[in-house]
Amino acid sequence: MSRLEYLEDLGRELAGLGVGARVVSGEVPVLRVENPGPPVLDEVVGCEFGPGGALWFFWVGAGVLLAPVGEVGAARERVALVLAMAEGAES
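Here you go:
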């Protein structure tokens with residue numbers, strides 16, 4: 384699968400949680416994650432090579448690895464957790 388396809392899979396998983404997400408294709412595709420709360424908390428997720436040469440989902444702004452692309456459920460949960468924590472901090 385391509386990076387684009389992995390990001391589309393993660394976007395579908397997040398949509399199932401009610402989180403808006405859309406793939407922005409280009410030279411390097413990314414997934415724009417739209418926080419259901421304050422838009423200032425929107426995030427960008429990409430795919431990059433990580434430990435062992437495997438492809439991972441990662442927060443683009445922070446450069447933090449989320450999960451290997453084969454573990455889309457784990458990436459979904461981490462994104463949802465971070466968005467929930469950020470939304471709670473804004474309250």
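Going by my numbering, the first residue of the sequence shown is number 384, and it counts up by one from there.
Note that beta-carbon positions come from the ideal geometry of N, C-alpha and C, so glycine has one too.
According to the DSSP secondary-structure assignment, A404 is paired through a beta bridge with V416. For A398, the enclosing alpha helix (DSSP H) stretches over residues 386 to 398. CA-to-CA, the gap between V465 and V413 works out to about 18 Å.
By the criterion of a C-beta distance shorter than 7 Å, L387 is surrounded in its chain by V406, S408, P412, once the five residues flanking it on both sides are discounted. In its chain, beyond the 5 residues on either side, R415, V416, E417, N418 have a beta carbon closer than 8 Å to the beta carbon of D425.
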